[in-house]
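In full-length UniProt numbering, the protein residues as written are 1 to 475.
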């Protein structure tokens, strides 16, 4: 059984569907044909039995037959064409016309002669081997005028060929019709499979085309609302998403190359100046050399920061940050504030941090808060103030810097986007995009807006989480 199944599974889908349709139709046709044959057989047998019960023989003919068997007179021709008539006495002796084949006498026939049952219906084979349907009933007959009347049984028989021949003909007709039906079903199944699988063929060709040419602009026409249409829509959506993803990847690579080129060019220039000074023996003035080394360190720091941001964006788990934890946002903000104070010691940073627990990835959320505070430190004037407030899940960081023009606000969370006024400041333009992604993964949202009285206010809103149970005391 395993071998045929493997061969069937090896067939193309179109052939399997056609075979399935043909098999289903063949089974249905065979079931209908068999049922029709048996119903017809039962009906013909019932009609034959009914005709035998109704075909009573004239008593005069029975008397003549009885007298013939007693050698008292000559038997006239039988008026019952197609019927075999036989007389049975109580001892089982048979009386039959000379041109008829004798039928066997059964116990049921003798029971009828003894009036133990009104009639007997059975199937027997006569002396010539012909299968007959026999009905026996009781009568009284006489051997002649003045002779006593005797109880006899009358067996009337019809050949079973009267229904066997029509049933055989019907069987051949049904077999022929079934064969034609199966062949037609196979052809119809093949046509249905070809028509039904045409969209699948188009989808297959489209997938093969994409795999061969990497052309993600291919779209499949969608017709209807069936499963094939849904599959086509899904394929179109997938190719559109892949095309968008590839475009974004290409844009990211192009933007990253552009951002890396500037510090690398400056770093290369400074290194070449230092190398040329060593090769020619012409010393660079100490102040210039000090400024040159400071510039090299700054460019290396900017490169390291840019590479770190690119690694953060390219993490394999960027779309799935893994299991989130319940953490204290106020502790995260307090740690980030300590780092911000080290980077801007000349600034005044005020903080009002009310307890708030969120479900997030600790390292990513801390990096996001640090990035927001770094932006505030970067754009705050010397000796300025930064106000940090955490109240009921809303963390606001407000600086008193130059602010962001209204037409630039829609772009602040785009990758590598930097305000024209900030291009001279260190940074990669990736910080706020990383912040937005982290906040969204934690189920929150971030907003950057002009602050009342000048400056910029960044607001992070995160949904609360149940406070974790206190840790048991150590020792």
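Just so you know, even glycine gets a beta-carbon here, dropped at the ideal spot from N, CA and C.
Straight-line gap, residue i to residue j (C-alpha atoms, nearest Å)
i: residue 317; j: residue 362; result: Unreliable positioning characterises residue 317 in this predicted model, as indicated by a pLDDT of 47, which lies under 50. The coordinate reading is nonetheless provided below. Spanning the two alpha carbons is a distance of roughly 14 Å.
i: residue 236; j: residue 220; result: 7 Å
i: residue 23; j: residue 229; result: 28 Å
i: residue 55; j: residue 34; result: 31 Å
i: residue 1; j: residue 21; result: Bear in mind that a pLDDT of 48 at residue 1, under 50, signals an unreliable position, so the number given afterwards is only what the model happens to contain. Roughly 20 Å between the two C-alpha positions.
i: residue 84; j: residue 49; result: 14 Å
i: residue 300; j: residue 335; result: 26 Å
i: residue 477; j: residue 52; result: The chain is shown only over 1 to 475; residue 477 falls outside these bounds and no answer can be derived.
i: residue 344; j: residue 451; result: 21 Å
i: residue 442; j: residue 239; result: 29 Å
i: residue 164; j: residue 45; result: 10 Å
i: residue 209; j: residue 279; result: 58 Å
i: residue 423; j: residue 265; result: Unreliable positioning characterises residue 423 in this predicted model, as indicated by a pLDDT of 47, which lies under 50. The coordinate reading is nonetheless provided below. So the two alpha carbons sit approximately 16 Å from each other.
i: residue 476; j: residue 408; result: Residue 476 lies beyond the residue range present for the chain, which begins at 1 and ends at 475; the question has no answer from this structure.
i: residue 353; j: residue 340; result: 15 Å
i: residue 18; j: residue 134; result: 51 Å
i: residue 386; j: residue 289; result: 36 Å
i: residue 307; j: residue 249; result: 16 Å
i: residue 390; j: residue 360; result: 16 Å
i: residue 186; j: residue 111; result: 58 Å
i: residue 427; j: residue 294; result: With a pLDDT of 49 at residue 427, under the threshold of 50, the predicted position of this residue should be treated as unreliable, though the coordinate-derived value follows. Rounded to the nearest angstrom, the two C-alpha atoms are 17 Å apart.
Of the listed residues the options, nearest to residue i (C-alpha basis)
i: residue 384; options: 350, 364, 57; result: 350
i: residue 199; options: 158, 324, 223; result: 223
i: residue 364; options: 239, 103, 438, 393; result: 438
i: residue 26; options: 371, 63, 98, 183; result: 183
i: residue 392; options: 461, 335, 447; result: 461
i: residue 93; options: 434, 203, 47, 107; result: 107
i: residue 191; options: 16, 467, 378; result: 16
i: residue 369; options: 29, 330, 403; result: 330
i: residue 402; options: 291, 98, 379; result: 379
i: residue 333; options: 326, 346, 355; result: 355
i: residue 98; options: 105, 359, 69; result: 69
i: residue 372; options: 185, 448, 167; result: 448
i: residue 105; options: 167, 155, 294, 79; result: 155
i: residue 464; options: 346, 325, 139; result: 325
i: residue 214; options: 186, 243, 226, 234; result: 243
Bounding residues of the beta strand (DSSP E) (the contiguous stretch that carries residue i)
i: residue 86; result: 84-88
i: residue 362; result: Looking at the DSSP string, residue 362 is not in any beta strand (DSSP E); the run it does join, the alpha helix (DSSP H), is 362-379.
i: residue 217; result: Premise fails: residue 217 is in no beta strand (DSSP E) and is neither H nor E.
i: residue 112; result: Segment 107-113 is the alpha helix (DSSP H) holding residue 112; no beta strand (DSSP E) there.
i: residue 483; result: Outside the modelled stretch of the chain, which goes from 1 to 475, sits residue 483, for which no answer is possible.
Endpoints, the alpha helix (DSSP H) within which residue i is located
i: residue 59; result: 59-69
i: residue 400; result: First-last for residue 400: undefined, no H or E at that position.
i: residue 335; result: 329-343
CB contact check: residue i to chain B, cutoff 8 Å
i: residue 451; result: Looking for chain B here will not work: only one protein chain is present.
Cβ distance (whole Å) where residue i is taken to contact residue j below 8 Å
i: residue 113; j: residue 88; result: 6 Å
i: residue 203; j: residue 232; result: 6 Å
i: residue 216; j: residue 246; result: 7 Å
i: residue 136; j: residue 109; result: 5 Å
i: residue 357; j: residue 327; result: 7 Å
i: residue 270; j: residue 292; result: 5 Å
i: residue 479; j: residue 337; result: Coverage of the chain is limited to positions 1 through 475, which leaves residue 479 absent and any answer about it impossible.
> Any chance the region 449-456 sits against the region 386-404, with 3 or more Cβ pairs inside 8 Å?
Replying inline: yes
>> Would you call the region 141-151 in contact with the region 173-186, where contact means no fewer than 3 C-beta pairs closer than 8 Å?
In response: no
> Any chance the region 178-187 sits against the region 148-164, with 3 or more Cβ pairs inside 8 Å?
Replying inline: no
> On the three-pair Cβ rule with 8 Å, is the region 54-71 touching the region 113-124?
Replying inline: no
>> With three or more C-beta pairs closer than 8 Å as the rule, is the region 126-134 touching the region 59-72?
In response: When Cβ pairs closer than 8 Å are counted between the two stretches, the region 59-72 is seen not to touch the region 126-134, the count staying below three.
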